[in-house]
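Take a look at the structure below.
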Amino acid sequence: MSAPIRISQDLLFRTINDRDDAITDYAAGNLSPARYALMSCAVELNPDLAESAMFQTELAACLINEIRPVPLSPLLIGETLAKLSYREADEVQNVAANDHVSRQTRVAPRPLRDLMGGTGLRDIQWKSLIPGMAIHDVLGNRRTEEGDRLYLLKAKGGMRMPEHSHNGEEWTLILNGAYTVEGRTFRRGDLHIEDETKTHSPTIEEGEDCICLVMTEGPLVMKSWLPKLIQKVVGI
Amino acid sequence: MTTEQSQTKRPLGFTPSKKSLSAAKRDALWLAAIAEKQDAKALSDLFEIYGPKLKGWLMARGVGNGTAEDIVQDVMIKVWTKAEMFDPAKASFATWVYRMTRNKWIDHKRKHGRMDVRDPELMKVIADDEVPSAEANFMSQESTDILRAQIALLTEAQQMAIRMAFIEFKTHKQISAETGLPLGTVKTRIRSAIQALKVNMARQREKVL
Chain A
-3 MSAPIRISQD LLFRTINDRD DAITDYAAGN LSPARYALMS CAVELNPDLA
47 ESAMFQTELA ACLINEIRPV PLSPLLIGET LAKLSYREAD EVQNVAANDH
97 VSRQTRVAPR PLRDLMGGTG LRDIQWKSLI PGMAIHDVLG NRRTEEGDRL
147 YLLKAKGGMR MPEHSHNGEE WTLILNGAYT VEGRTFRRGD LHIEDETKTH
197 SPTIEEGEDC ICLVMTEGPL VMKSWLPKLI QKVVGI
Chain B
7 MTTEQSQTKR PLGFTPSKKS LSAAKRDALW LAAIAEKQDA KALSDLFEIY
57 GPKLKGWLMA RGVGNGTAED IVQDVMIKVW TKAEMFDPAK ASFATWVYRM
107 TRNKWIDHKR KHGRMDVRDP ELMKVIADDE VPSAEANFMS QESTDILRAQ
157 IALLTEAQQM AIRMAFIEFK THKQISAETG LPLGTVKTRI RSAIQALKVN
207 MARQREKVL
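Protein sequence lines correspond, in order, to chains A and B. Residues -3 to 232 (this note's numbering) make up the first sequence, in order. Residues 7 to 215 (this note's numbering) make up the second sequence, in order.
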């Protein structure tokens, strides 16, 4: 007897703008730390993305066998064994059960909280950008080696973001609230990737604040003078 | 037609090899021995098999010998402390340990590729060694071996694209630049290869059940 196998119509999760390569590069380990962190969070929030990422991770693990193995130094295993810590026989392993329960309900996904030293979104310091908009750097204030930067962006419900384009790619993961751009609405768990060719000006949905995790490659290109000025000061 | 070929045409179709099944079971038993009895010999055995592969992966990415061994050591210590979290129904050990190594490698890049390294205590590993629930039950133990066989059935062009992404660690843009193929073609090729693998994997599992 064969159990029914669920094969969905579209077997691969499609990112907006047909950017499945982001999932492949995530699985293969080809992403910069900022992009990798953003994808780790996206996988946590988005089951379709998680499924696709898992399959490709399995593929990557399988393809390790095609790479020439390199013998270990003779003492490495022994040294490692000497470093192991042992627990008492009656010590109960405490797998953080409450973390599991709260995973879906907390705004910040676990990989993000880990990056912020365990801090949740409630406790962070926001830097005001323009009225109604604030940012918080996640991966430092300076650029990483690849020129990628990771930060949180908070925008008030109902506002329209300043029109901007990019010198490079912009990856956005929506953590809270929603925004619409060119008739498309993005919500919690959606991954929105824009390249350098587009100028856009998202509108935040009425109601709660929209909080996003954003990776930008190169500075944003603001269209009007006020954001340009503030950009100089805040430095995104 | 040789006997071997005709065997693969049997109505039952796919039969996992005894060897691969026992490798997966063997790993699961070692993990259980670590989790339940803190069996250091089991860790040492896993280390001997997977250590050189993981080190090879890291060094193929350009990591130096010493750093590669440091990362592998960290990963194996994590296997030791997290063994009870390993669930053979969710992923194979090969996948589990690969994910840990990938995380440690990116973590290493993050710590050493920037100017402003913050308190190392705060810069913890992005720990995704737990398999999120959405990924549960997707891959059974013997899947890795089936997958390997399925890759061999892809077209040559698909295999090359997959290899460049996963073995030569090239982004789609780099593959496009190197092969002279348009970016769209590279995307389509990799996407179709992964989709074909996914469909075939689902079929194979259906046959096994």
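Just so you know, even glycine gets a beta-carbon here, dropped at the ideal spot from N, CA and C.
Cβ pair Glu165/A, Glu192/A closer than 8 Å
Result yes, Cβ atoms of Glu165/A and Glu192/A sit closer than 8 Å.
Compute the distance between the beta-carbons of Gly143/A and Glu213/A, then report whether it is under 8 Å.
Here Gly143/A is near Glu213/A, since their CB atoms are less than 8 Å apart.
Below 7 Å, is the gap between the Cβ of Gln44/B and the nearest heavy atom of the ligand PLP?
Annotation note on the ligand PLP: not contained in the displayed structure, which lists no ligands.
Beta-carbon proximity check, Leu77/A vs Ser50/B, cutoff 8 Å:
Cβ distance < 8 Å, so Leu77/A and Ser50/B count as in contact.
Own chain, CB closer than 6 Å to Asp33/B, minus 5 neighbours either side, in chain order:
Result list for Asp33/B: Phe99, in chain order.
is_contact[Tyr147/A, chain B] using C-beta, thresh 8 Å:
Not one chain B Cβ lies under 8 Å of Tyr147/A.
Using the Cβ count rule (16 or more neighbours within 10 Å means buried), how would you classify Glu141/B?
Confidence at Glu141/B is low in this model, with a pLDDT of 38, below 50, so the placement of that residue is unreliable and no value is reported for it.
Segment contact, 8 Å Cβ cut-off, at least three pairs: the stretch 149 to 157 of chain A with the stretch 115 to 135 of chain A:
Three or more beta-carbon pairs drawn from the stretch 149 to 157 of chain A and the stretch 115 to 135 of chain A are found closer than 8 Å, and the two stretches are therefore classed as touching.
Which listed residue (Ala24/A, Gly74/A, Ser69/A and Leu45/A) has its alpha carbon closest to that of Asn71/B:
Comparing alpha-carbon positions, the option among Ala24/A, Gly74/A, Ser69/A and Leu45/A lying closest to Asn71/B turns out to be Ser69/A.
Of all the residues that make up the stretch 113 to 132 of chain A, which are near chain B by a beta-carbon distance shorter than 7 Å?
Going along the stretch 113 to 132 of chain A in chain order, one finds Gly113 with a Cβ nearer than 7 Å to chain B.
DSSP beta-bridge partners of Thr195/A
The beta-bridge partner set that DSSP reports for Thr195/A is empty.
Can you give me the Cβ contacts of His196/A inside the same chain, cut-off strictly under 8 Å, excluding the 5 residues immediately before and after it?
Within the same chain, and ignoring the five residues on either side of His196/A in sequence, the residues whose Cβ sits closer than 8 Å to its Cβ are Glu159, His160, Ser161, Val177, Glu178 and Glu190.
Taking only three categories from DSSP, how would you classify Trp167/A?
Here Trp167/A sits in strand by DSSP.
Here's the rule I'm using: 16 or more other beta-carbon atoms within 10 Å means buried, otherwise exposed. How should Leu149/A be labelled?
Counting Cβ neighbours within 10 Å, Leu149/A comes out buried, since at least 16 surround it.
Closer than 8 Å, CB to CB, is Ala38/B near chain A or not?
It does not: the Cβ of Ala38/B has no partner Cβ on chain A nearer than 8 Å.
What does Asp21/A reach in chain B if we use C-beta pairs closer than 7 Å?
Those within 7 Å of Asp21/A in chain B are Thr177.
Residue range of the alpha helix (DSSP H) that Ala100/B falls in?
Its alpha helix (DSSP H) spans residues Phe99 to His118.
Rounded to the nearest angstrom, what separates Lys59/B and Glu62/A at their Cα positions?
The alpha-carbon atoms of Lys59/B and Glu62/A are separated by roughly 9 Å.
How should Glu217/B be labelled, buried or exposed, when 16 other C-beta atoms within 10 angstroms of its C-beta is the threshold for buried?
Outside the displayed span of chain B (7 to 215) sits residue 217/B, for which this structure offers no information.
DSSP has Lys150/A in a bridge; who is on the other side?
Answer is Ala130/A and Ile207/A, bridged to Lys150/A.
Cβ of Ser69/A less than 8 Å from any chain B Cβ?
Yes, its Cβ sits closer than 8 Å to a Cβ of chain B.
Quick check on this structure: which residue in Thr194/B, Lys61/B and Arg154/B has the alpha carbon closest to the alpha carbon of Lys110/B?
The residue with the shortest Cα to Cα distance from Lys110/B is Lys61/B.
Whole angstroms are fine: how far does the CA of His118/B sit from the CA of Ala74/B?
Going from the Cα of Ala74/B to the Cα of His118/B covers about 14 Å.
Looking at the C-beta of Glu191/A, does it have a partner C-beta in chain B at a distance below 8 Å?
Residue 191/A is actually Asp in this sequence, not Glu. No, no contact with chain B.
Is there at least one Cβ from chain B nearer than 8 Å to Ile73/A's Cβ?
Residue-level contact by beta carbon holds for Ile73/A and chain B, with a gap shorter than 8 Å.
Residue of Gln165/B, Ile40/B, Pro94/B and Thr177/B minimising C-alpha distance to Ala29/B:
Among Gln165/B, Ile40/B, Pro94/B and Thr177/B, the Cα nearest to that of Ala29/B is on Pro94/B.
Classify Asp80/B as helix, strand or coil using the three-state DSSP reduction.
It is helical.
Would you say Asn26/A reaches chain B, if we count a Cβ-Cβ gap shorter than 8 Å as a contact?
At least one chain B Cβ lies under 8 Å of Asn26/A.
In its own chain, which residues sit with a C-beta less than 6 Å from the C-beta of Asp133/A, not counting the 5 before and 5 after it?
If we look at Asp133/A and ignore the five residues flanking it on each side, its Cβ neighbours are Tyr147.
Could you list which residues in chain A have their beta carbon closer than 8 Å to that of Pro58/B, in chain order?
Ordered by position in chain A, the residues that pass the 8 Å Cβ test against Pro58/B are Pro65, Val66, Pro67 and Leu68.
Of the listed residues Met106/B, Gly186/B, Met166/B and Phe53/B, nearest to Thr53/A (C-alpha basis):
Considering only alpha carbons, the answer is Met106/B.
Measuring CA to CA, which of Arg102/A, Pro198/A, Ala18/A and Leu108/A is closest to Tyr175/A?
The shortest CA-to-CA distance from Tyr175/A to any of Arg102/A, Pro198/A, Ala18/A and Leu108/A is the one to Pro198/A.
Unbroken alpha helix (DSSP H) run spanning Thr185/B, endpoints:
First-last of the alpha helix (DSSP H) with Thr185/B: His178 to Thr185.
Given a threshold of 16 other Cβ atoms within 10 Å of its Cβ, counted over all protein chains shown, does Gly116/A qualify as buried or as exposed?
Counting Cβ neighbours within 10 Å, Gly116/A comes out exposed, since fewer than 16 surround it.
Quick check on the burial criterion: 16 or more other C-beta atoms within 10 angstroms. Buried or exposed for Pro29/A?
Pro29/A comes out buried.
For a quick check, are the C-beta atoms of Asn172/A and Val103/A less than 8 Å apart?
Taking C-beta atoms as the reference points, Asn172/A and Val103/A count as a pair closer than 8 Å.
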